[in-house]
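Asks: Residue numbers (UniProt numbering), protein chains in the order written: chain A, 1 to 184; chain B, 1 to 184; chain C, 1 to 184.
The beta carbon of each residue, even a glycine, is placed where N, CA and C say it ideally should be.
As the structure is a prediction and not an experimental result, all values here were calculated from the model.
Dumping the structure here so I can ask a few things about it.
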Amino acid sequence: MTTFSQKSCFIILALIISPSVSATRASKFQAEKPCKRMVLYYHDKLFDGTDKDKANATSATVVNASKLGNSYFGMLVVFNDPITNDDKFHSPPVAKAQGFYFYDRKDTYTAWFAYTLVFNSSEHKGTLNIMGADLMTEKTRDLSVVGGTGDFFMARGIATFQTDTFQGLYYFRLKMDIKLYECY
Amino acid sequence: MTTFSQKSCFIILALIISPSVSATRASKFQAEKPCKRMVLYYHDKLFDGTDKDKANATSATVVNASKLGNSYFGMLVVFNDPITNDDKFHSPPVAKAQGFYFYDRKDTYTAWFAYTLVFNSSEHKGTLNIMGADLMTEKTRDLSVVGGTGDFFMARGIATFQTDTFQGLYYFRLKMDIKLYECY
Amino acid sequence: MTTFSQKSCFIILALIISPSVSATRASKFQAEKPCKRMVLYYHDKLFDGTDKDKANATSATVVNASKLGNSYFGMLVVFNDPITNDDKFHSPPVAKAQGFYFYDRKDTYTAWFAYTLVFNSSEHKGTLNIMGADLMTEKTRDLSVVGGTGDFFMARGIATFQTDTFQGLYYFRLKMDIKLYECY
Numbered sequence: 001m002t003t004f005s006q007k008s009c010f011i012i013l014a015l016i017i018s019p020s021v022s023a024t025r026a027s028k029f030q031a032e033k034p035c036k037r038m039v040l041y042y043h044d045k046l047f048d049g050t051d052k053d054k055a056n057a058t059s060a061t062v063v064n065a066s067k068l069g070n071s072y073f074g075m076l077v078v079f080n081d082p083i084t085n086d087d088k089f090h091s092p093p094v095a096k097a098q099g100f101y102f103y104d105r106k107d108t109y110t111a112w113f114a115y116t117l118v119f120n121s122s123e124h125k126g127t128l129n130i131m132g133a134d135l136m137t138e139k140t141r142d143l144s145v146v147g148g149t150g151d152f153f154m155a156r157g158i159a160t161f162q163t164d165t166f167q168g169l170y171y172f173r174l175k176m177d178i179k180l181y182e183c184y
Numbered sequence: 001m002t003t004f005s006q007k008s009c010f011i012i013l014a015l016i017i018s019p020s021v022s023a024t025r026a027s028k029f030q031a032e033k034p035c036k037r038m039v040l041y042y043h044d045k046l047f048d049g050t051d052k053d054k055a056n057a058t059s060a061t062v063v064n065a066s067k068l069g070n071s072y073f074g075m076l077v078v079f080n081d082p083i084t085n086d087d088k089f090h091s092p093p094v095a096k097a098q099g100f101y102f103y104d105r106k107d108t109y110t111a112w113f114a115y116t117l118v119f120n121s122s123e124h125k126g127t128l129n130i131m132g133a134d135l136m137t138e139k140t141r142d143l144s145v146v147g148g149t150g151d152f153f154m155a156r157g158i159a160t161f162q163t164d165t166f167q168g169l170y171y172f173r174l175k176m177d178i179k180l181y182e183c184y
Numbered sequence: 001m002t003t004f005s006q007k008s009c010f011i012i013l014a015l016i017i018s019p020s021v022s023a024t025r026a027s028k029f030q031a032e033k034p035c036k037r038m039v040l041y042y043h044d045k046l047f048d049g050t051d052k053d054k055a056n057a058t059s060a061t062v063v064n065a066s067k068l069g070n071s072y073f074g075m076l077v078v079f080n081d082p083i084t085n086d087d088k089f090h091s092p093p094v095a096k097a098q099g100f101y102f103y104d105r106k107d108t109y110t111a112w113f114a115y116t117l118v119f120n121s122s123e124h125k126g127t128l129n130i131m132g133a134d135l136m137t138e139k140t141r142d143l144s145v146v147g148g149t150g151d152f153f154m155a156r157g158i159a160t161f162q163t164d165t166f167q168g169l170y171y172f173r174l175k176m177d178i179k180l181y182e183c184y
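Following this line, the structure appears as structure tokens:
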């Protein structure tokens with residue numbers, strides 16, 4: 001028995017001492033298992049400049065495209081967009097996305113986003129802060145969730161975008177698969 | 001005694017193996033006890049366009065508001081604002097806040113900030129990078145400290161904003177309560 | 001022997017229990033040893049507005065400088081800039097930097113950056129998201145790597161900028177020393 005307990009202690013030692021230096025991260029992250037996951041829909045209805053669109057529009061172009069290339073390079077949009085649990089624009093929003101995007105490629109469409117998901121519902125109160133490149137021509141693309149507050153205190157993770165539909169410049173819908181890998 | 005050491009080893013096992021998967025985060029965070037806290041005042045003195053304001057102004061509107069709504073939707077301001085330890089604009093600055101904000105709501109005032117606190121004093125050298133929504137109508141609101149350099153190497157935390165005073169568009173002061181929960 | 005195993009168990013206890021509260025961060029970070037390091041060159045070739053520059057330019061001014069000060073305060077540039085392993089503009093790019101910068105000081109030159117390094121090569125696939133102040137008058141300055149995706153899943157670290165060369169406003173090259181201290 002003495003031998004057993006000695007051995008088991010050495011096994012414990014091996015288990016602990018080695019990970020304590022380098023594997024902190026491994027224990028934090030299980031790729032298959034985010035600590036929190038939400039699939040959300042983002043609706044961007046760009047203001048067309050007409051009076052009758054003022055009630056419905058959720059975003060506005062505030063900087064026009066430059067003359068570089070032919071794919072809106074530099075056009076910058078500020079948004080306050082509804083976030084819903086399904087793909088219906090008129091579903092009750094579960095959050096708002098407040099932030100901006102701009103187009104940033106000469107020859108095809110890519111964009112760059114920075115925004116805050118503001119939750120204020122019975123289910124969640126708090127924010128998630130997100131930034132990254134939206135490589136629109138790829139089926140899915142990953143942005144970074146760089147911080148959170150309230151229910152999402154100090155969260156980090158990945159926001160995977162997928163274009164769900166679009167109608168020219170003036171309406172598009174993204175499926176945002178939010179996976180948090182650091183939760184407090 | 002053999003039995004004791006066996007038992008104690010099992011207790012150790014229980015203590016270690018279970019937290020190693022899920023509790024790393026809990027040990028990192030103690031809500032009541034940030035590893036570093038600073039209460040700072042941010043002064044934004046928006047350039048009014050006149051020559052005599054050039055010396056005092058600390059920020060400038062670089063993108064005008066869109067025609068969407070009546071609360072400056074899309075107006076974007078670049079700032080290089082003094083940060084002081086008390087609420088006096090003329091106190092010696094302990095840091096500069098360099099970045100931008102824009103207004104992003106049609107029917108009331110909300111803004112979105114991204115900026116760097118640049119410290120270069122005898123007390124602190126380094127930067128903190130901050131982003132998030134400023135829901136101005138709420139008494140306090142939380143943004144994310146997403147990174148730091150120098151004395152604040154790799155820091156993360158929360159920046160809680162509180163409007164201390166404002167004079168129309170052209171001067172406002174925020175109390176910024178910076179709480180770091182990850183310090184190296 | 002019994003005594004030994006008891007002692008060794010207590011030693012293990014001491015090793016584990018104390019760090020579990022406060023030293024997670026220490027084990028994550030070894031200042032001398034990033035978990036990943038890359039020295040890269042960033043080339044910004046600002047569009048001069050002429051037709052013949054359209055092919056070469058990699059960035060465009062989308063917001064003109066304000067009238068505050070004499071150092072381009074508020075001028076905002078959107079870029080899609082090549083990243084190379086050496087300082088040659090025509091070397092095959094190993095990544096693209098997509099994002100923006102703006103100038104933000106009245107009396108000298110400082111800028112603020114937020115961008116994504118997009119890697120799509122045989123060596124790396126994924127992105128790094130970076131933000132912070134570029135205090136151009138200092139020899140080196142540190143920005144924050146606030147997140148990553150793909151090969152750089154959930155990474156954090158520091159991006160140290162050094163001006164390698166510049167030709168007025170229309171071309172500059174930065175050496176970007178990317179040091180990741182959190183890798184998964």
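1. With burial defined as no fewer than 16 other Cβ atoms inside 10 Å of the residue's Cβ, what is the status of A97(B): buried or exposed?
2. Output the residue ranges of the beta strand (DSSP E) runs that lie fully inside the region 129-184 of chain B and measure 3 residues or longer, sorted by chain position.
3. Which word fits V118(A), buried or exposed, when buried means at least 16 other C-beta atoms lie within 10 angstroms of its C-beta?
4. Per DSSP, what are the beta-bridge partners of T84(B) in this structure?
5. With a cut-off of 8 Å, does the C-beta of M136(C) fall near any C-beta of chain B?
6. Check whether the Cβ atoms of A65(B) and F73(B) lie closer than 8 Å to each other.
7. Which residues share a DSSP beta bridge with G126(A)?
8. Per DSSP, which one or two residues make a beta bridge with Y109(B)?
9. Write down the C-beta distance between C183(C) and K52(C) rounded to the nearest angstrom, noting that I regard them as a contact closer than 8 Å.
10. Which of the three DSSP states is assigned to V21(C) in this structure?
11. Mind checking whether R173(B) and T160(B) have CB atoms under 8 Å apart?
12. Can you list, in chain order, the residues of its chain with a C-beta nearer than 8 Å to that of A155(A)? Leave out the 5 residues immediately preceding and following it.
13. Can you find the residues in the same chain that come closer than 6 Å, C-beta to C-beta, to residue 186(A), ignoring five residues on each side of it along the sequence?
14. Using the C-alpha atoms, what's the distance from A111(B) back to F54(C)?
15. Look at the alpha carbon of F89(A) and the alpha carbon of G168(C), and state the distance between them as a whole number of angstroms.
16. Please classify P92(A) as buried or exposed, where buried requires at least 16 other C-beta atoms within 10 Å of its C-beta.
17. Buried or exposed for T108(B), please, with buried defined as at least 16 other CB atoms from any protein chain shown within 10 angstroms of its CB.
18. Quick check: is any heavy atom of the ligand SAH less than 7 Å from the C-beta of K36(B)?
19. Using the Cα positions of E123(B) and G69(C), report the straight-line distance between them to the nearest angstrom.
20. Once the 5 residues before and after Q162(B) are set aside, which same chain residues still bring their CB inside 6 Å of it?
21. If you measure between the beta carbons of V78(B) and F100(B), is that distance less than 8 Å?
22. Using a beta-carbon distance below 8 Å, is D142(A) in contact with chain C?
23. Which of the three DSSP states is assigned to Q30(B) in this structure?
24. Go to G65(C), then tell me how far its beta strand (DSSP E) extends in each direction, as first and last residue.
25. When the cut-off is 8 Å and only beta carbons count, does G150(C) lie next to chain A?
26. Which same chain residues, not among the five before or five after Y170(B), have their C-beta less than 8 Å away from its C-beta?
27. How is K52(C) classed by DSSP in three states: helix, strand or coil?
28. Measuring CA to CA, which of K33(B), L135(B), F152(B) is closest to Y103(B)?
29. Indicate whether at least one CB of chain B lies closer than 8 Å to the CB of K54(A).
30. With 8 Å set as the bound, which would you pick, yes or no: does the beta-carbon of F172(B) sit closer than that to a beta-carbon of chain D?
31. Which residues of chain B have a Cβ atom closer than 8 Å to the Cβ of A114(C), listed in chain order?
32. Among A133(C), Y42(C), M38(C), I130(C), which has the Cα closest to the Cα of D87(C)?
33. Looking at the C-beta of F89(B), does it have a partner C-beta in chain C at a distance below 8 Å?
34. Is G150(B) near G126(B), with beta carbons less than 8 Å apart?
35. Please report the Cβ distance between residue 185(B) and I178(B), rounded to the nearest whole angstrom; I am assuming they are in contact, meaning their Cβ atoms lie under 8 Å.
36. Hey, would you say Y63(B) sits closer than 8 Å to V62(A), going by beta carbons?
Replies: So, from the data block:
1. Within the second sequence, the letter at position 97 stands for residue 97(B). By the 10 Å Cβ count, A97(B) comes out buried.
2. 140-150, 156-167, 171-182
3. Position 118 of the first sequence holds residue 118(A). V118(A) should be labelled buried.
4. Position 84 of the second sequence, counted from the first residue, corresponds to residue 84(B). Bridge partners of T84(B): Y41(B).
5. Counting from 1 along the third sequence, the entry for residue 136(C) is found at position 136. False, the Cβ-Cβ gap to chain B never drops below 8 Å.
6. Here residue 65(B) is taken as the residue at index 65 of the second sequence, counted from 1. Here residue 73(B) is taken as the residue at index 73 of the second sequence, counted from 1. Yes, the Cβ-Cβ distance between A65(B) and F73(B) is below 8 Å.
7. Taking the first residue of the first sequence as position 1, residue 126(A) is located at position 126. Bridge partners of G126(A): F119(A), G150(A).
8. One-based indexing of the second sequence puts residue 109(B) at position 109. In the DSSP secondary-structure assignment, Y109(B) is not bridged to any residue.
9. Locating residue 183(C) in the third sequence gives position 183, counting from the first residue. Locating residue 52(C) in the third sequence gives position 52, counting from the first residue. Incorrect: roughly 44 Å between the Cβ atoms, too far for contact.
10. Position 21 of the third sequence holds residue 21(C). In this prediction, V21(C) scores a pLDDT of 30, lower than 50, which makes its location untrustworthy; no coordinate-derived value is stated.
11. Taking the first residue of the second sequence as position 1, residue 173(B) is located at position 173. Taking the first residue of the second sequence as position 1, residue 160(B) is located at position 160. Not a contact, by the Cβ cut-off of 8 Å.
12. Against the first sequence, residue 155(A) aligns to sequence position 155. The answer, listed in chain order, is K36, L128, V145, G147, G148, L180, E182, C183, Y184.
13. Since the first residue of chain A shown is 1 and the last is 184, residue 186(A) is not available in this structure.
14. Walking along the third sequence from the start, residue 54(C) turns up at place 54. Walking along the second sequence from the start, residue 111(B) turns up at place 111. One point to set straight first is that residue 54(C) is Lys, not Phe, in the sequence displayed. Using only the alpha carbons, I get a separation of about 35 Å.
15. Here the question's residue 89(A) lines up with position 89 in the first sequence. Here the question's residue 168(C) lines up with position 168 in the third sequence. Going by the C-alpha atoms only, they are around 48 Å apart.
16. Within the first sequence, the letter at position 92 stands for residue 92(A). It counts as exposed.
17. For this step, residue 108(B) is matched to residue 108 along the second sequence. It counts as exposed.
18. The ligand SAH is absent from the structure shown, which contains no ligands of any kind.
19. What you label residue 123(B) is simply residue 123 of the second sequence in a count that begins at 1. What you label residue 69(C) is simply residue 69 of the third sequence in a count that begins at 1. Near 29 Å, if we compare the C-alpha coordinates of G69(C) and E123(B).
20. Numbered from 1 along the second sequence, position 162 holds the residue referred to as residue 162(B). The residues are T140, K175.
21. Locating residue 78(B) in the second sequence gives position 78, where the first residue counts as 1. Locating residue 100(B) in the second sequence gives position 100, where the first residue counts as 1. Yes. Within cutoff.
22. Translated into the one-based positions of the first sequence, residue 142(A) becomes position 142. Closer than 8 Å to some Cβ of chain C, the Cβ of D142(A) qualifies, so yes.
23. Stepping through the second sequence from its first residue, residue 30(B) is reached at position 30. Because the pLDDT of Q30(B) is 49, which lies under 50, any placement of that residue in the model is unreliable, and the number read from its coordinates should be weighed accordingly. Three-state DSSP puts Q30(B) in coil, outside helix and strand.
24. Locating residue 65(C) in the third sequence gives position 65, where the first residue counts as 1. According to the sequence provided, residue 65(C) is Ala. The question's Gly does not apply to it. Per DSSP, A65(C) belongs to no beta strand (DSSP E) and is neither H nor E.
25. In the third sequence, residue 150(C) corresponds to position 150, counting from 1. At least one chain A Cβ lies under 8 Å of G150(C).
26. Here residue 170(B) refers to the residue found at position 170 when the second sequence is read from its first residue. The residues are K45, L46, D48.
27. The residue you call residue 52(C) lines up with position 52 of the third sequence. Correct three-state label for K52(C): helix.
28. Translated into the one-based positions of the second sequence, residue 103(B) becomes position 103. If we check each option's Cα against that of Y103(B), L135(B) comes out closest.
29. Stepping through the first sequence from its first residue, residue 54(A) is reached at position 54. Yes - at least one Cβ of chain B is within 8 Å of the one on K54(A).
30. Absence of chain D from the displayed structure is noted, the protein chains being A, B and C.
31. Position 114 of the third sequence holds residue 114(C). Simply A114.
32. Walking along the third sequence from the start, residue 87(C) turns up at place 87. Of the candidates A133(C), Y42(C), M38(C), I130(C), the one whose C-alpha sits nearest the C-alpha of D87(C) is Y42(C).
33. Taking the first residue of the second sequence as 1, we reach residue 89(B) at position 89. Judged by the 8 Å Cβ criterion, F89(B) is not in contact with chain C.
34. Reading the second sequence from its first residue, position 150 is the one you call residue 150(B). Reading the second sequence from its first residue, position 126 is the one you call residue 126(B). Contact flag set, yes.
35. Given that chain B is displayed from residue 1 to residue 184, the structure contains no residue 185(B) and the question cannot be resolved.
36. Within the second sequence, the letter at position 63 stands for residue 63(B). Within the first sequence, the letter at position 62 stands for residue 62(A). Before going further, note that residue 63(B) is Val rather than Tyr in the sequence given. Yes, they are a contact pair.
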